[in-house]
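Numbering (this note's numbering), first residue to last: 6 to 942.
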Amino acid sequence: MRFDVLGPLRVVRDDREVPLGPVKQRLLLAALVLRPGEVVGVEDLTSVLWGDAAPASAAANLRTYARGLRLSLGDGSAERMPAVTGGYLLRVEPGERDLDLFDSAAERGRAALAAGDPAAAGTELSAALGFWRGTAALAGLPLSPRLAAHVARAGERRLIAEEDYAEALLGVGGAAGAVCRLRDLLDRHPLRQRAWGHLMLALYRIGDVSGALDAYRQARRAVAKETGLDPLPALTRLYDDILHHRPSLQEGPADLPAAPRPGAAPARVRPEQLPASVAHFVGRAGELARLDALCAEQRENAETTAVAVVSGMAGVGKTALALHWARRTADRYPDGHLYVNLRGYDAADEVTPLGALHGFLEALDVPLSRIPQGLEARAGLFRSLLASRRMLVVLDNARDEEQVRHLLPGAGLVVITSRNRLDGLVAAEGAWPLALDVLPDEEAASLLAGRLGAGRLDAEPEAVASIIAATGGLPLALSIVSARAAAHPAFPLDTFAAELRPDGARPGAMAEGDARRVFSWSYLALSTPAARLFRLLGLHPGPDLTAQAAAALAGEPEAAVAPSLRELTRLSLLSEHVPNRYAFHDLLRSYAASLARPADRTGERRAALRRLFDHYLHQALPAAALLQPQWLTITPVPPLPDRTGAPPADHAAALAWFTAERPVLLRAVRRAAETGFEAYAWQLAWALTAYSAPRGLWRDQLAGQRIALAAAERIGDVAGQATAHRLLARASTRLGDFDAAEDSLRRAHELYGRLGDPLGRAQTLHNHMEVCHLRKRPDEALAHGTEALRLQRGAGHAAGEARTLNAIGWLHATAGDYPRAIARCTEALARQRLIGDRNGQAATLDSLGFAYDRLARHDEAAESYERAVELFRASADRYHEAETLVRLGDTRAAMGEPTAAADVWRRAAGIFDELGDPAAEDARARLTGAGKERGRG
6 MRFDVLGPLR VVRDDREVPL GPVKQRLLLA ALVLRPGEVV GVEDLTSVLW GDAAPASAAA
66 NLRTYARGLR LSLGDGSAER MPAVTGGYLL RVEPGERDLD LFDSAAERGR AALAAGDPAA
126 AGTELSAALG FWRGTAALAG LPLSPRLAAH VARAGERRLI AEEDYAEALL GVGGAAGAVC
186 RLRDLLDRHP LRQRAWGHLM LALYRIGDVS GALDAYRQAR RAVAKETGLD PLPALTRLYD
246 DILHHRPSLQ EGPADLPAAP RPGAAPARVR PEQLPASVAH FVGRAGELAR LDALCAEQRE
306 NAETTAVAVV SGMAGVGKTA LALHWARRTA DRYPDGHLYV NLRGYDAADE VTPLGALHGF
366 LEALDVPLSR IPQGLEARAG LFRSLLASRR MLVVLDNARD EEQVRHLLPG AGLVVITSRN
426 RLDGLVAAEG AWPLALDVLP DEEAASLLAG RLGAGRLDAE PEAVASIIAA TGGLPLALSI
486 VSARAAAHPA FPLDTFAAEL RPDGARPGAM AEGDARRVFS WSYLALSTPA ARLFRLLGLH
546 PGPDLTAQAA AALAGEPEAA VAPSLRELTR LSLLSEHVPN RYAFHDLLRS YAASLARPAD
606 RTGERRAALR RLFDHYLHQA LPAAALLQPQ WLTITPVPPL PDRTGAPPAD HAAALAWFTA
666 ERPVLLRAVR RAAETGFEAY AWQLAWALTA YSAPRGLWRD QLAGQRIALA AAERIGDVAG
726 QATAHRLLAR ASTRLGDFDA AEDSLRRAHE LYGRLGDPLG RAQTLHNHME VCHLRKRPDE
786 ALAHGTEALR LQRGAGHAAG EARTLNAIGW LHATAGDYPR AIARCTEALA RQRLIGDRNG
846 QAATLDSLGF AYDRLARHDE AAESYERAVE LFRASADRYH EAETLVRLGD TRAAMGEPTA
906 AADVWRRAAG IFDELGDPAA EDARARLTGA GKERGRG
């Protein structure tokens, strides 16, 4: 009997195909034949046949399909499919499964290649590929995720065999035969760079040099489009060899790496993102052993993904276990470790899959400009990068399955922590569940001993038992108790035990809510200033705060709150996770917030929130002015007296402040809007835009301005509504939603009109001019620009007038009216020089350079561009510096200076990469084109 899976599923007995019955019966056979000799559980098979929609009669139906399958297999089926407990089993003898025959022949071919015998390799690999009937295993069947994973792995092995066979053909002079096979493969799998290399070499050897070079261009386009990356260095070297007709091209195969095999882990960077693990980790031997076993299993099957889900109540030590194990086994993952705190139970700061993937790709050294915008594309690039690396991924504090599914690599080990058991991952992705309970008494005592010393515990065993009973063995509660006991080494432990065990309290396992009893005990033991600060810190939106922010909440100087911060940190009620930035455990944050919630604290609560929002607003406004000095200002909420902390002093300090505080400000906008501080909300959102807009954080801006608009509408703040609409339009324009942008701009224009604000109207029209230009409505764009110019002249706003003159000049230039463009821009430049607007001068010189270049006045164009670059750099306007560099390179190329052109294009690509702008690809395309021209020369 033969079981064939490399194509449509079939069974052949005595050279005759066996009828296999209905689809679900064939799915049952597929699941069993892919795991021969193994008992496949009823739950697994149910998932394969019905997915998440299993009927109540699934078990009975499964028995029916098993009986039908036994009948199809005929005589001897009792031995083939014996009755077993807990599932079903199919026995397959050696040589009966085409997948095994394929793997054996492919491995023999690969060994022959390694031994330098391409002829023998070709024979074996041709035989291996002959087992395939089409290009997909189990073709025609509706596949569950588990079956699809098996099919994908088989397909990957077929592609490797195809590439090995092409290498063998090249080794025996069969380049012409390799070309046809490789073109067919690459039509279906255009990202196989090893196959592209073989195709380039085969085309070169049959004399088609132009075709070989064109194959490289096709490969580069395909790889850049799908992954945002450049081709492998080896493929680029091969391209260069072909350009220069190097003799080595006639010898052997292309020097490109084969697809990853078990144990291989080429990595260009080695991320080390694991946070520090706890200092006194105890117990959990069983769970650590299970993680070790999963690691060993995954190492044996390196092409698979293994997932562990560590679940349990808050404070039970899920993160501590994951990080302790990860640190202990770090050497097993030579390509590094990725970590993200998904903050799944923090609605205000939950990390989206898109955001988590962005962080991972940055850690893997992907330039910002090459990180795709879409979730699927980002996840695909992530899987591609990890496919050939041995890495550990830790996804901490996940909310549900959907938050983590796109973060699972195609191969490797993933440890997830969650309060949710994530049953969907267990069912669909085969994750291993590890449910954590509270510590047993012996391990709880070990935790205390590690922090207090065994001698102290031995002296008071009854007090120790009482403490363990009162905390229920919850590690977080034990840590808090031990921190206080350590702070008072002369106190007997019975003192703490008595405080924890009020009369009538009953020992037992601690539920999540019961941790409040320990928190309350610790809170009541704080000094009065520390207790007040703890309570007020619960009002902070998170995820962390500085001592300055704590001082603002308390309404005291920073020096006055420093002792309280030290007390809270010493007693494990707060952690200083980086210097001068403090964070709560989420249970403690919730507890602290509840202390500030009672009605009799309403006045204290509102006063503290006002001081907090005042602190952030009047730090953010001067920082925004340093980053964007040319922006129209707003009339802020007046600052409170006796504010804490000085604002950033210069551009670098402002940038550093926004970088550190951005996660806090995003939450603060929302919290201010929710708590009746709407004016602070929209003004904070405006200030944050000065940081987010130049960095292309358009989705952040969109979300923040939507909150700002709703807040301003609630209090009838027309200026806030107008500003929010205008900034919403800016984000919508950059995200390509021009309809929404124009709706917002029209509304902003109307609101600025109601306010009698000509400059607000002018700025809105200026922005509308850009949208009309992008939508190919030049006449309307010019009309908006002309009206903006009239308003700015009427208001005597020289800087705005000059900038609009330049924008109008740019419209003329893009329409081909270069003399009028030069006239408008020259007028703008004179005004900007008069008022000292250096950034405006840079923009106008860039427009002049464009017009001069189109008139073939290249010397004047290059001079204008060079001066623009200097001024953009002086004003730290990196984006427009890079844009001008691209155009300067075009002019240098037109002047017959290819080396100078390549130099400025390279500088432009580097800046765009830093900013995460996709325009980097355009600059690199120019570099590639210049290289080809030099090659032909």
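By construction, the Cβ of each residue, glycine as well, lies at the ideal position given by its N, Cα and C atoms.
Contact holds between the segment 88-95 and the segment 31-43, because three or more Cβ pairs, one in each stretch, are under 8 Å apart. Distance check between residue 831 and each of 843, 807, 819 places 807 closest, using alpha-carbon atoms only. Assignment of residue 346 by DSSP, reduced to helix, strand and coil, places it in the strand class. When 477, 283, 276 are compared, the shortest CA-CA separation from residue 396 is found for 276. Distance check between residue 454 and each of 498, 430, 443, 475 places 498 closest, using alpha-carbon atoms only. Note that the C-beta distance between residue 23 and residue 77 is below 7 Å. In this model, residue 402 and residue 698 are separated by some 30 Å (Cα to Cα). With a contact defined as Cβ atoms closer than 8 Å, residue 622 and residue 702 miss out at about 20 Å.
Take residue 364, set aside five residues on each side of it, and the residues of its chain with a beta-carbon closer than 7 Å to its own are 345, in chain order. Under the three-state reduction of DSSP, residue 844 is assigned to helix. Using a C-beta cut-off of 8 Å, the segment 414-427 makes contact with the segment 312-327, since at least three inter-stretch Cβ pairs fall below that distance. For the 7 Å CB-CB criterion, residue 746 and residue 771 do not form a contact. With a cut-off of 8 Å on Cβ pairs, the segment 598-614 is not in contact with the segment 626-643, counting fewer than three such pairs. Distances from the alpha-carbon of residue 368 to those of 400, 919, 358, 342 put 342 closest. Below 8 Å, enough C-beta pairs join the segment 702-713 and the segment 725-733 to call them touching: three or more. Restricting attention to 26, 71, 480, 447, the CA atom closest to the CA of residue 47 is found in 71.
Taking every protein chain shown into account, the CB of residue 589 has 16 or more other CB atoms within 10 angstroms, so this residue is buried. Among the bridge pairs identified by DSSP, residue 438 is matched with 314. Residue range 417-423 is occupied by the beta strand (DSSP E) that includes residue 422. Around the beta carbon of residue 640, fewer than 16 other beta carbons sit within 10 angstroms, so the residue counts as exposed.
Distance between residue 587 and residue 580, taken at the CA atoms: about 5 Å.
Under the criterion of beta carbons closer than 8 Å, residue 773 and residue 750 qualify as touching, at roughly 5 Å.
Ranked by Cα distance from residue 752, the options 766, 740, 741, 323 are led by 766. Residue state for residue 709 is assigned as helix, using DSSP reduced to three classes. In this structure residue 816 is buried. Its beta-carbon is surrounded by 16 or more other beta-carbon atoms within 10 angstroms. Residue range 683-697 is occupied by the alpha helix (DSSP H) that includes residue 685, with no beta strand (DSSP E) assigned at that position. Here the C-alpha atom of residue 111 lies approximately 42 Å from the C-alpha atom of residue 347. In the three-state reduction of the DSSP assignment, residue 170 falls in the helix class, which pools H, G and I.
For residue 775 and residue 786, the gap between their C-alpha atoms comes out near 7 Å.
Per DSSP, residue 8 lies in no alpha helix (DSSP H); the unbroken beta strand (DSSP E) holding it starts and ends at 7-9. Inter-residue distance for residue 312 and residue 64 is about 27 Å (C-alpha atoms, whole angstroms). Judged by beta-carbon spacing, residue 866 lies within the 7 Å limit of residue 854, meaning their Cβ atoms are closer than that value. In the displayed model, residue 355 falls within coil according to three-state DSSP, outside both helix and strand. DSSP places residue 892 in the uninterrupted alpha helix (DSSP H) bounded by 883-899. Taking 4 residues as the minimum length, the alpha helix (DSSP H) runs contained wholly in the segment 37-66 are 47-55, in order along the chain. Residue 842 and residue 804 have their C-alpha atoms roughly 7 Å apart.
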